[in-house]
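Visitor: Please see the structure below; I have some questions.
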Amino acid sequence: MAEKKEAIVFDFGHFRNTDGYGIRTMIFFKGCPLRCKWCSNPFGLSVAPQLAVNRERCVGCGMCVKLCSKGVNRINPEDHKVEMDFDKCKACGLCVQLCPQKCRQISGTKYTAEQLYKKVQRELTFTRRDRGGLTLSGGEVLMQHEIAAELLKICKRDYIDTCIETSAYARWEHLVEVAQYCDTVFVDMKHIDSDRHKEITGIPNELILENIRKLCEYMSERGKRVIIRRPFIPGYNDEESCTIGIAKFVATLSGRPEINILPYHNLGELKYKMIGSECEVQGLNMMKKKDEPIVRCAELCRQYAPENRVSVGGEAIEYPD
Amino acid sequence: MSDAKCAGAKLGNELRSGYAAKMGSTKRVQELNGMLHSNRPNVDITRARAFTKVYRETEGLPALLRRYKAIAEVYRTLSDNVYDYEQLVGWPTKRIRGANFAVELHAHWMKDDLKNLRDRTYDPFEISDEDYKELEEDILPYWQDKTAAAQWAHYVTPEEWDRAQFGGVSDVSNYICANGSHFIPAWTDVIKHGFQKYYNEAKVLLDELDPNDPTSVDKRYFYQGIIEVCEAIKNWADRLSAACLRKAETEKDPVRKKELEDMAAMMRRVPWGPATSFHDAVETSWVVCFFLFVEGAGPSITWGRWDQYMYPYYKRDIEAGIITPESAMELIEEMYIKVTSNVWFQSTQMAYIFGGYYRYPHLDVGGLDENGRDASNELSYLCLRAMRYVKTTSPAVCLMLHQKTPDSLLREACELSVDGHGHPSFFDVETLYKMLENRGACANMHSNYTSYDIKKYGSPIGCVEPGVEGMQYGHTDSGIINVAGCIYAAVCDGKKAKGVDGTRCGQVVTYASGAPELFDTYEKFEKVCLDQIEYAIKECHSNLIIVEKLLAEQFNLPTFTMLLDGALEKGLDATNGGAKVNIGPTIQMSGFGTAVDSMAAIKKVVYTDHEATLRDVANAIEANFVGYEELRAKLIAAPKYGNDDDFADDIACRVWSFFGDTVNHLKMYRGNYCDAAIQMVQSNVGYGAMTGATPNGRLAGQPTSDTMSASQQADTNGPLAAARSYGKLDYTKYSNGTLLNMWISQSEMMEV
């Protein structure tokens, strides 16, 4: 018998409300081919399970130092908090349970599609009356397209509303394999210029743009939705030309997809430290919906994509009945 | 930090000046709200003085008659203040935010503690020097050995008395000072007919008494007393009417002058006679509410289904063009302000557990009608909207929720909820009905309520207790069992921890149930936990029935009695079984989440993983985990209630059902069975301070888990997983109500 395919998941979100209609259960798939410099979910970058430590909560009890045979942990005598040598860590997870401050977690656990479905099913009491449901995110969910499609297929059998959040950087067959079970696909447009796209995310954008075009046709033929997300990162993709380019491109897509602007937030910064790496985008202030550049960005989108609805922030998306 | 402190002090001063509190939909309401909040809680001795006078004059009279005469004297001497901007008339005290406290229930502790009343940490009260002197020299010496608590001491040993008052595990201290509480009077009836109905009824029944019927002996002075109390209420209304006229005479503003004259006319109509308008009806509903708050010493005089019985008056006046929705809401807001003025006067010990002056008045909207249709109307919306404007702590506004609740009403309620003042509460009426079906009856038996009674008049009483308008009497937040303390006792051979608050520290506080080594399986350990809980429940019950007897014999409540359907015909006082359905005193659980998590942690660490022995756990909690940090970490890591994890939730279900069933099998003094509840809002702080470290990793003196919620920071899997855990419990076993608090961060709120 063939081994059951397993998903590598680094987090679950319960009771979320910004990535799809109503109350959403989120599953974050681990592993991503992009390296966006502002990524707010660095745990999702590498595929392999890894240890994450929230040093801020450490009280220096030394339990982990005693426990770990690989010598990953030591207490910094200056501030009496743990210092990590992540290169030595094999992510065995022994230290996680014993940390009295619950500073530690293993990011990356394997689940079968059925196991994941069970977690979704538990929320049905709350979600089935108002079209809430499941949203797959990451990382890049399409890196695990087979298991994602399997999970979504089971969900559709139970009439659960399904969404994915993706960069659309994948082979078209893989994208469509997953999208066929989706009610809504959220897809990011991080830059309109391919060279600049490569500078800030590590990859060019031709494949992405082509996929988005095809996806919009595919979804609108089926009466399903695509929502184009425009993360707004000062200094990286905040040029007016970029906004105009995106808006012009979106205006040509089938199904008049909504443009959803996401103001930059810095909530991911601490997470980098937790896995022993560093975020390139630092010191930027968290943006608010009413900030002038955001308002301007929305204006430009409305101007160059007059047929498309434009919203700011995930909670502002309109879901027709 | 210092900035924050300054900001806090500034806000405090602004509040005290009454300026920051000027909230409301109109100038009139804003001024009244400011006036309310510019007063500090204060003591009024009118009631105490009246009681002392009458009791001194009536030595040798039947206890019930003395009591009724004293209440009548209270009504005859209540203040007749009328303030600017008011449209509703009458205050329970001379000063706003006063407490006309029940000296006959409080004197025993006041004789020692009066000197601290002005500056005690929780709930200090202002009192004038003259009143202080009169209390200290004249009133308290007369009453100190006559209170219910003082008399109860004759029936129990000093040790039992101490345990029940200050032990912090099996507690009756709340009950014993709060006679006359938790009541929904016959609102529909009293608003429709006024007190003259009860006056006439008592006269007729007195005339009809057959002197050769042995039961007529007690009934004769019962009716005489009722008549005297009714006359005193009439006297009060006449005095208030005169006061309005006096104020009108000096009033320069012709509009206000006319208002005052109208108010004087209104006081000649109600509460003595039938309400003829919405304004009249609101006046009766305010007056009766504060009468009961003055006569009774306890909390939770409840308006019940206010939007239902007030609606005919509202509709008629709207159609006649006499009022507008806005002017009706203005009256509702004024009523909210006035009821907030009723502060709860409690002993120092009780203020420590129930601090905050809050007296739990309660107003319900929505729900179903007697045919099972949606009952909401315009007033349901206005009652919720009024609270959004006036922002007072009282009354607790409640939405009775069901499948047919209109989305717009639910939305109005949610909008109020988002304002973050703790209003409204949400009640599922289907569960409420099931609780009422079992109310006061032995486990699995049916109460005396008919289905019609329940649907037409059933509603929660503040905080959460199911009740029926005019049919139910009984004290509903009476005995309190701190189950977290019981688990400590189960692990530590019946002892209470050393060095925590309250008395009996380091001594046996329940019973010695054996050394930890005796419990070699989890089943044996769970049994001893439940045995400890049962012991505490039974000790509590034995105290409650003693006090219940004292109250029935000497601490009667004429106004409560009049406002119970059929009590006059029976000739029985409320405290002595006059109600159609007698309930209580009930027994509550406190610290549920802490207890369950403690048992789950022990099951996991001691009996499943064998990483420590029960003796280790006992040593650890006795040492408040000092030197046992590793064990504490393991205990903390164990499964916790509130995460949809059956390892802990199964234990929760068993403890829950055991407590409910045990309580439900105990018979009370008036013949009904005891109801279980879990509702003690802030008592987890006070009981936590009296509880040692617990095996879930909680440190000594920290608050235990509140109400029936998961322990603090223990429900880490989101609100939906927590809700699924809560959904596993059988709520119908708690026929006195359950209370759940859930905190949801603003980012999780949704626009709909």
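Protein chains in written order, with the working numbering: chain A, 1 to 321; chain B, 1001 to 1752. By construction, the Cβ of each residue, glycine as well, lies at the ideal position given by its N, Cα and C atoms.
1) Does chain A have any CB closer than 8 Å to the CB of B:A1633?
2) To the nearest angstrom, how far is the alpha carbon of B:G1366 from that of B:A1297?
3) Say whether chain B places a C-beta atom closer than 8 Å to the C-beta of A:Q97.
4) At a CB-CB cut-off below 7 Å, which residues of chain A make contact with B:I1636?
5) For A:S137 versus A:M219, is the C-beta spacing smaller than 8 Å?
6) Which term fits A:E123, buried or exposed, when burial requires 16 or more other beta carbons within 10 angstroms of its beta carbon?
7) Across which residues does DSSP place A:F186 in a beta bridge pair?
8) Taking its Cβ as the centre, do 16 or more other Cβ atoms sit within 10 Å of A:Q50, making it buried, or is it exposed?
9) Can you tell me where the beta strand (DSSP E) with A:Y111 in it begins and where it stops?
10) Who pairs with A:N322 in a beta bridge, going by DSSP?
11) Which residues of chain B have a Cβ atom closer than 9 Å to the Cβ of A:M63, listed in chain order?
12) What residues from chain A crowd round B:P1719, counting only those whose CB sits closer than 8 Å?
13) With 8 Å as the threshold, decide whether the Cβ of B:D1644 is near any Cβ in chain A.
14) Closer than 8 Å by C-beta to B:T1405: which residues in its own chain qualify, once you throw out the five before and the five after it? Chain order, please.
15) I'd like to know whether the C-beta of A:F29 is nearer than 8 Å to at least one C-beta of chain B.
16) At least one CB of chain A closer than 8 Å to the CB of B:R1698: is that the case?
17) What three-state label does DSSP hand B:V1528 in the structure shown?
18) Using a cut-off of 9 Å between C-beta atoms, extract the partners of A:R122 located in chain B.
19) Hey, how far is the Cα of B:M1001 from the Cα of B:F1519?
20) Is the number of C-beta pairs between the stretch 1446-1465 of chain B and the stretch 1650-1660 of chain B that are closer than 8 Å three or more?
21) Give the DSSP bridge partners of B:Y1687, in chain order.
22) Going straight from the alpha carbon of B:T1503 to that of B:C1486, what length do you get?
23) Using a C-beta cutoff of 8 Å, does A:F10 count as contacting chain B?
24) Since I believe A:C61 is in contact with B:E1611 (beta carbons under 8 Å), could you give me their beta-carbon distance rounded to a whole number of angstroms?
25) Our contact map puts B:K1247 next to B:W1286 with C-beta atoms below 8 Å; I'd like the distance itself, whole angstroms only.
26) Are any of the Cβ atoms in chain B nearer than 8 Å to that of A:F232?
27) Using CA coordinates, which residue listed in A:I8, A:W38 and A:N17 is at the minimum distance from A:E269?
28) Return the Cβ separation of A:P33 and A:E140 in integer angstroms, given the expectation that the two are a contact with Cβ distance under 8 Å.
29) How far does the beta strand (DSSP E) with A:K40 in it reach, from first residue to last?
30) Checking contacts by CB at 8 Å: is A:F126 closer than that to chain B?
31) How about the stretch 1384-1398 of chain B and the stretch 1471-1489 of chain B: do they share at least three Cβ pairs that are nearer than 8 Å?
32) Can you confirm whether the stretch 1171-1191 of chain B touches the stretch 1215-1228 of chain B when touching is taken to mean that 3 or more C-beta pairs between the two stretches lie within less than 8 Å?
33) Within 10 angstroms of its Cβ, does B:Q1403 collect 16 or more other Cβ (buried), or is it exposed?
34) For the stretch 263-314 of chain A, which segments carrying the beta strand (DSSP E) assignment without a break, of at least 3 residues, lie completely within its bounds, in sequence order?
35) For the stretch 1466-1491 of chain B, which segments carrying the alpha helix (DSSP H) assignment without a break, of at least 4 residues, lie completely within its bounds, in sequence order?
36) Hey, would you say A:D183 sits closer than 8 Å to A:R225, going by beta carbons?
Guide: The short version:
1) yes
2) Approximately 29 Å, taken between the alpha carbons.
3) Residue contact with chain B for A:Q97: present (Cβ-Cβ distance below 8 Å to some residue of chain B).
4) P100
5) no
6) By the neighbour-count rule (16 or more Cβ atoms within 10 Å), A:E123 is buried.
7) DSSP lists A:E165 and A:I227 as partners of A:F186.
8) buried
9) T109 to T112
10) A query on residue 322 of chain A cannot be resolved here, the shown segment of chain A reaching from 1 to 321 and no further.
11) E1629, E1630 and A1633
12) H14 and F15
13) yes
14) G1366, D1374, S1376 and L1399
15) no
16) no
17) Assignment of B:V1528 by DSSP, reduced to helix, strand and coil, places it in the helix class.
18) Going along chain B in sequence order, the residues near A:R122 (Cβ under 9 Å) are D1644, L1720, A1721 and R1724.
19) Its pLDDT being 37, under 50, B:M1001 is placed unreliably in this model, and the value from its coordinates should be taken loosely. Near 50 Å, if we compare the C-alpha coordinates of B:F1519 and B:M1001.
20) no
21) According to DSSP, which records beta bridges pairwise, B:Y1687 is partnered with nothing at all.
22) 16 Å
23) no
24) With a Cβ gap of about 17 Å, B:E1611 and A:C61 do not count as contacting.
25) No, B:K1247 and B:W1286 are not in contact; Cβ-Cβ is about 18 Å, not under 8 Å.
26) no
27) A:W38
28) 6 Å
29) Correcting the residue identity first, residue 40 of chain A is Ser in this sequence and not Lys. Where A:S40 is concerned, there is no enclosing beta strand (DSSP E), given that its DSSP letter is neither H nor E.
30) Interface annotation, A:F126: in contact with chain B, CB-CB separation under 8 Å.
31) no
32) no
33) exposed
34) The qualifying runs are 310-312.
35) 1483-1491
36) yes
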